[in-house]
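My numbering numbers the first residue of the sequence shown as 2 and each following residue consecutively. Backbone N, C-alpha and C fix where the C-beta goes; we use that ideal spot for every residue, glycine too.
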Amino acid sequence: MILEYKINHTDWPYLMPMVQASLNHTAVPSLDNKAPVKLFTGLPCPTPLREFYLPDEREGRGGGLQEVPEVDKIDEFSPT
């Protein structure tokens, strides 16, 4: 995938949460066209972008995208 999309290998930690969310929330023919997250947890299947969007609690303001740390600090990163 890195070679096909010409992505630098140091950028992979930034893309991994998106890839995981996409795989877990995509309907699969072998699972009767259901997403793995729905079958294994019974929860509704949210959009994969939900992992990266943080609602803003202040009045009248929209949310924003989640900040992702630098590559050398990615191990300490834990989304809330």
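Task: residue 13 versus residue 23 - alpha carbon distance - done: Whole-angstrom Cα-Cα distance: 15 Å.
- [ ] Apply the 10 Å Cβ neighbour rule to residue 36 and answer buried if 16 or more other Cβ atoms are within range, or exposed otherwise.
- [x] By the neighbour-count criterion, in which 16 or more other beta carbons inside 10 Å mark a residue as buried, residue 36 falls on the buried side.
Task: Beta-bridge partners of residue 29, as assigned by DSSP - done: 35
TODO: Enumerate in chain order the residues of its own chain whose CB-to-CB distance from residue 38 is below 8 Å, with the five nearest sequence positions on each side excluded.
DONE: Within the same chain, residue 38 has close Cβ partners 25, 26, 44, 46.
- [ ] Pick helix, strand or coil for residue 45, following the three-state DSSP scheme.
- [x] In this structure, residue 45 counts as coil in the three-state DSSP scheme.
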